[in-house]
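Protein chains in written order, with this note's numbering: chain A, 1 to 440; chain B, 1001 to 1440. To start, the structure under review is shown below, and the notes come after it.
Protein chains: 2
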Amino acid sequence: MKPIQVGLLGIGTVGSGVFNVLARNQQEIRRRAGRGIEIATVADLNVERAREIVGSDVKVVADARAVIADPSIDIVVELIGGYGIAKQLVLEAIAAGKHVVTANKALLAVHGTEIFAAAQARGVIVAFEAAVAGGIPIIKALREGLTANRIQWIAGIINGTTNFILSEMRSKGLDFDVVLKEAQRLGYAEADPTFDIEGVDAAHKATIMSAIAFGIPVQFDKAYVEGITKLSAQDIRYAEQLGYRIKLLGITKRVEKGVELRVHPSLVPAKRLIANVEGAMNAVVVQADAVGTTLYYGKGAGSEPTASAVIADLVDITRLHTADPEHRVPHLAFQHDALSDLQVLPMGEVVTSYYLRLRVADQAGVLAKVTGLLAESGISIDAVLQREADEVGGEGSTQTDLIILTHDCQEALMDAAIAKMQALPTVLAPITRIRKEELN
Amino acid sequence: MKPIQVGLLGIGTVGSGVFNVLARNQQEIRRRAGRGIEIATVADLNVERAREIVGSDVKVVADARAVIADPSIDIVVELIGGYGIAKQLVLEAIAAGKHVVTANKALLAVHGTEIFAAAQARGVIVAFEAAVAGGIPIIKALREGLTANRIQWIAGIINGTTNFILSEMRSKGLDFDVVLKEAQRLGYAEADPTFDIEGVDAAHKATIMSAIAFGIPVQFDKAYVEGITKLSAQDIRYAEQLGYRIKLLGITKRVEKGVELRVHPSLVPAKRLIANVEGAMNAVVVQADAVGTTLYYGKGAGSEPTASAVIADLVDITRLHTADPEHRVPHLAFQHDALSDLQVLPMGEVVTSYYLRLRVADQAGVLAKVTGLLAESGISIDAVLQREADEVGGEGSTQTDLIILTHDCQEALMDAAIAKMQALPTVLAPITRIRKEELN
Chain A
1 MKPIQVGLLG IGTVGSGVFN VLARNQQEIR RRAGRGIEIA TVADLNVERA REIVGSDVKV
61 VADARAVIAD PSIDIVVELI GGYGIAKQLV LEAIAAGKHV VTANKALLAV HGTEIFAAAQ
121 ARGVIVAFEA AVAGGIPIIK ALREGLTANR IQWIAGIING TTNFILSEMR SKGLDFDVVL
181 KEAQRLGYAE ADPTFDIEGV DAAHKATIMS AIAFGIPVQF DKAYVEGITK LSAQDIRYAE
241 QLGYRIKLLG ITKRVEKGVE LRVHPSLVPA KRLIANVEGA MNAVVVQADA VGTTLYYGKG
301 AGSEPTASAV IADLVDITRL HTADPEHRVP HLAFQHDALS DLQVLPMGEV VTSYYLRLRV
361 ADQAGVLAKV TGLLAESGIS IDAVLQREAD EVGGEGSTQT DLIILTHDCQ EALMDAAIAK
421 MQALPTVLAP ITRIRKEELN
Chain B
1001 MKPIQVGLLG IGTVGSGVFN VLARNQQEIR RRAGRGIEIA TVADLNVERA REIVGSDVKV
1061 VADARAVIAD PSIDIVVELI GGYGIAKQLV LEAIAAGKHV VTANKALLAV HGTEIFAAAQ
1121 ARGVIVAFEA AVAGGIPIIK ALREGLTANR IQWIAGIING TTNFILSEMR SKGLDFDVVL
1181 KEAQRLGYAE ADPTFDIEGV DAAHKATIMS AIAFGIPVQF DKAYVEGITK LSAQDIRYAE
1241 QLGYRIKLLG ITKRVEKGVE LRVHPSLVPA KRLIANVEGA MNAVVVQADA VGTTLYYGKG
1301 AGSEPTASAV IADLVDITRL HTADPEHRVP HLAFQHDALS DLQVLPMGEV VTSYYLRLRV
1361 ADQAGVLAKV TGLLAESGIS IDAVLQREAD EVGGEGSTQT DLIILTHDCQ EALMDAAIAK
1421 MQALPTVLAP ITRIRKEELN
């Protein structure tokens, strides 16, 4: 059978990985897929660089639309990124009856509903294993491996840059700014790291996972997003003393009133496997009613790990594209006419537990005041760590850190309690609040 | 569309899990699969107990062949186990044109070649996600998630009973026999635990993974199998002091001359994620050329975790059974006419590193003799730990433990070196040899 013909839009880091892995492992892949997979055309604005990567056997064009219009192309791989031209091209490829493979989490998290509807109507597949956790086959696990289950929650380290930074902060005791610079020097963080360090990238991925876990539309605009820029080495140290690690988690959870969807730094018990995921690695924990806890670990980014996911999608399409659309795996795991209207809850309605750090005057009665305010708000305390006083300022006035771990309470209650504690004259600096997840 | 009709052969632990999960999550599963999945008939010798489990809406029969002969049944689920009647029934079901789902690793590891050939010829699917690592979707990851890759090796904790025992031995400092009894009392080990503790169960699973990772036939008879019955709490302690944990690993590796396929206790660096998999949990690490290292973790046994895998297979078949056989996922990951003739190597040709413990007389020159013999054999030493001497026996004669970690060498070389060391008059007891895997 003629090899399936692939058109590649964009040949940067991931695109060249796809090209190289397909070239290197073509025999192995054909033995699995039962059919060759061939990159026929590459579209890239930098034609010269593209030509250097793919050599002379592959057609190189500057105009992506020439690939989409080419009737010999079966699958279009979109590796341009972003919401702009990438969206246009994906929709045009679908309209032209092409199957699409994309690694573009931003696009799917924001415009997934429109894109999947178009694909459904046209009878083509939009595959996106590479969009979440790079080379880890987590989309396949969620959509196909766990079909028996009612999924309860997912918590993932799904951004390698921030996990690298947090690992370095912990192991070297350094502050965020210092480690960020090191990460940029080593290539683990981009020159403009905003999307990573502010949690946006993780929120794109969590949004996609929430949709396929619970059968809801992608709703990035409803996600709560908080990055790691305000974390201090001190909090990481205190957490450690209490038996926790701090990780940036993407969390989505099914609760009685709806779905939680949130990205923020979280204390995780140090004995959990996911707490021991270091460096730029990713891991996703899934809690589901029949199977219990499963965890999936691997490289979440990089040229060949991401290419591994893109090519897995190409093989899946090669296998399935001749089958009736109704027998394919649904884009969002659930049949398009069986999505749920579960609402994504505002952050104030989320229930979780907390780590609080208060910089307080070292005076009698401070602890009683603070804990009294928490009790008044109906928030119960799990553990308290009071540091020995540091001498600060003149005339013997001393300050100290008061660390409190709470049991579960609603975020809105905690917001109110923090406001009250902050107003105490003995609380000397803005209160640090980090959420805590037991993940059991 | 009419729900797909399933016949269950055997309704013990896993069968009742399948029934219960399908009943509880039927709406969720239908929303995913696009079609209902209905257990129409259950065959079990104990008709009364089966009837208690499934109630009055499901047909219960004593004769499995009545299920196979029933033209209304689309899929037969074999949960009887063993190589005897289960093999007959699976082959008869295939001959009758039924798709088959089985959790029977023993059957597939030993008779898989015959069974898959029959299924291929008849155009039916034999699905077996539940046969390896219970609820972890590792078969799907290997066969579909990592299709881009040349897989290099797999190492897995794929037997929960032995991992529970080893975890308890380490955390409580107890010896094997004591912990085995506790495991039996808690239901983690069977009354006759031979298959688990001797490594046979793990070898069945490793055999299946070796076939789908490398595209070779299943060859259980070529597997090297060594259990955990000879491990002492002392070795676990020494390993810990050297920075290692001892785990029973199923390992399969592609090397220049062929494929390694072996199950034995292994030292693993304590900092590896898999070294921290405790209790009855399973985990599989896969090293592949494009994606690098990935790890899959979860419950490897139990009623509902195993049911999760069985039902995932049912959904896959529900989706795919109308597609042409050539567009399905091949049974052994590679197309049936594209299997490889890579040979499984005898254990003597395996290359790995070692932990050796020698009980020696506490005399000058013993270490020099022992290390001299290793050097003569071309085996280089990574680390040595010499314990302080214990006073044993009369008249001040003392003994001590000498622990040696080696670098990689061929097993046959190590066998010869051990024989020579054992012959030294200053080596006072049988030498303990445990293999060591860095897994990096």
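Glycine residues also receive a C-beta, built at the ideal position from the N, C-alpha and C atoms.
Whose CA, out of B/V1259, B/K1299, B/G1302, B/I1208, lies closest to the CA of B/P1346?
-> Cα-wise, what sits closest to B/P1346 is B/V1259.
Between the Cα of B/K1172 and those of B/A1119, B/L1314, B/E1278, B/A1203, spot the shortest distance and give me the residue it belongs to.
-> Measuring from the Cα of B/K1172, the nearest candidate turns out to be B/E1278.
Run down chain A in chain order and give the residues with a C-beta less than 7 angstroms from the C-beta of B/Y1296.
-> The answer, in chain order, is Y296.
Counted within 10 angstroms of its Cβ, other Cβ atoms place B/K1271 as buried (16 or more) or exposed = That one is exposed.
If we ignore side chains and look at the alpha-carbon of each, how far apart do A/K205 and A/A133 end up?
-> Going from the Cα of A/K205 to the Cα of A/A133 covers about 8 angstroms.
Between the CA atoms of A/L314 and A/N25 - distance to the nearest angstrom | Between A/N25 and A/L314, the C-alpha separation is close to 14 angstroms.
Note down, in chain order, each residue of its chain lying with its Cβ closer than 7 angstroms to the Cβ of A/M1, except the 5 sequence neighbours on either side.
-> Spatial neighbours of A/M1 in its own chain (CB-CB distance under 7 angstroms, excluding positions within 5 residues in sequence) are listed in chain order as R35.
With 16 as the cutoff for other CB atoms within 10 Å, does A/Y296 come out buried or exposed?
-> Burial call: buried.
Report buried or exposed for B/Q1120, applying the criterion of at least 16 other Cβ atoms within 10 angstroms of its Cβ.
-> By the 10 Å Cβ count, B/Q1120 comes out buried.
Using 10 angstroms around the beta-carbon of B/R1032, count the other beta-carbons present and answer buried if the total reaches 16, otherwise exposed.
-> Answer is buried; the Cβ neighbour count reaches 16.
Beta-carbon proximity list for A/E168, same chain, < 6 angstroms, skipping 5 on both sides = Taking A/E168 as the centre and dropping the five residues before and after it, the same chain places the C-beta of V179 closer than 6 angstroms to its C-beta, in chain order.
Using the beta-carbon of each residue, which ones in chain A are nearer than 7 angstroms to B/T1293?
-> Per Cβ cutoff of 7 angstroms: G298.
Do A/V310 and A/V18 have their C-beta atoms closer together than 7 angstroms?
-> A distance below 7 angstroms separates the beta carbons of A/V310 and A/V18.
Could you spell out where the beta strand (DSSP E) holding B/L1008 opens and where it closes?
-> For B/L1008, the enclosing beta strand (DSSP E) stretches over residues 1004-1009.
Report, in whole angstroms, the separation of the C-beta atoms of B/L1166 and B/I1246, which I expect to be a contact under 8 angstroms.
-> About 6 angstroms separates the two Cβ atoms, so the contact holds.
Anything in chain A within Cβ reach of B/A1148, meaning under 7 angstroms, just list it in chain order.
-> Going along chain A in sequence order, the residues near B/A1148 (Cβ under 7 angstroms) are V21, N25, I29, A307, S308, I311, A312.
Have a look at B/Q1027 and B/E1038 and give me their C-alpha separation to the nearest angstrom.
-> If you take the alpha carbons of B/Q1027 and B/E1038, they lie about 12 angstroms apart.
CB contact check: B/K1140 to chain A, cutoff 7 angstroms | The Cβ of B/K1140 sits closer than 7 angstroms to at least one Cβ of chain A.
Got a sec, what are the start and stop residues for the alpha helix (DSSP H) A/S210 sits in?
-> In the DSSP assignment, A/S210 falls within the unbroken alpha helix (DSSP H) covering 200-214.
Just how far apart, CA to CA, sit B/D1341 and B/K1222?
-> So the alpha carbons of these two residues sit roughly 14 angstroms apart.
For the beta strand (DSSP E) that contains B/Y1296, what are its first and last residues?
-> Unbroken beta strand (DSSP E) run through B/Y1296: 1292-1299.
Any C-beta of chain B sitting closer than 7 angstroms to the C-beta of A/A290?
-> Yes, its Cβ sits closer than 7 angstroms to a Cβ of chain B.
Go through its chain and collect everything with a Cβ distance to B/A1117's Cβ below 8 angstroms, but skip five positions before and after it.
-> Cβ neighbours of B/A1117 beyond the five flanking positions: H1336.
With 7 angstroms as the threshold, decide whether the Cβ of B/H1327 is near any Cβ in chain A.
-> Yes, contact with chain A.
Count the CB pairs spanning the segment 124-133 of chain A and the segment 197-216 of chain A that are closer than 8 angstroms, and state whether there are at least three.
-> With contact defined as three or more Cβ pairs closer than 8 angstroms, the segment 124-133 of chain A and the segment 197-216 of chain A are in contact.
Would you mind stating whether B/D1044 and B/I1004 have Cβ atoms separated by less than 7 angstroms?
-> No; because the gap between Cβ atoms is not below 7 angstroms, this pair is not in contact.
Along the chain, which unbroken stretches of the alpha helix (DSSP H) at least 4 residues long are found entirely within the segment 37-86 of chain A?
-> Whole alpha helix (DSSP H) segments, 4+ residues: 47-54, 64-69.
Under 7 angstroms between the Cβ atoms of A/V124 and A/I85?
-> No, they are not a contact pair.
Please classify B/G1365: is it buried, with 16 or more other beta-carbons within 10 angstroms of its beta-carbon, or exposed?
-> When all chains shown are included, B/G1365 counts as exposed.
Spell out whether any CB of chain B is found under 7 angstroms from the CB atom of A/Q152.
-> No, A/Q152 does not count as interfacial toward chain B.
Quick one, are the C-beta atoms of A/Q410 and A/V351 less than 7 angstroms apart?
-> Contact: yes.
With C-beta atoms as the reference, is B/S1377 less than 7 angstroms away from B/L1424?
-> No. Outside cutoff.
Can you pull the DSSP bridge partners for A/G250?
-> Assignment of beta-bridge partners to A/G250 by DSSP yields A/G156, A/V263.
Would you tell me roughly how many angstroms separate the C-alpha atoms of B/T1293 and A/A361, rounded to the nearest one?
-> So the alpha carbons of these two residues sit roughly 49 angstroms apart.
Any Cβ of chain B within less than 7 angstroms of the Cβ of A/Q335?
-> With a threshold of 7 angstroms between beta carbons, A/Q335 makes contact with chain B.
Check the Cβ-Cβ distances between A/V315 and every residue of chain B, and say whether any is below 7 angstroms.
-> For A/V315, the nearest CB of chain B lies under 7 angstroms from its own CB, placing it at the interface with that chain.
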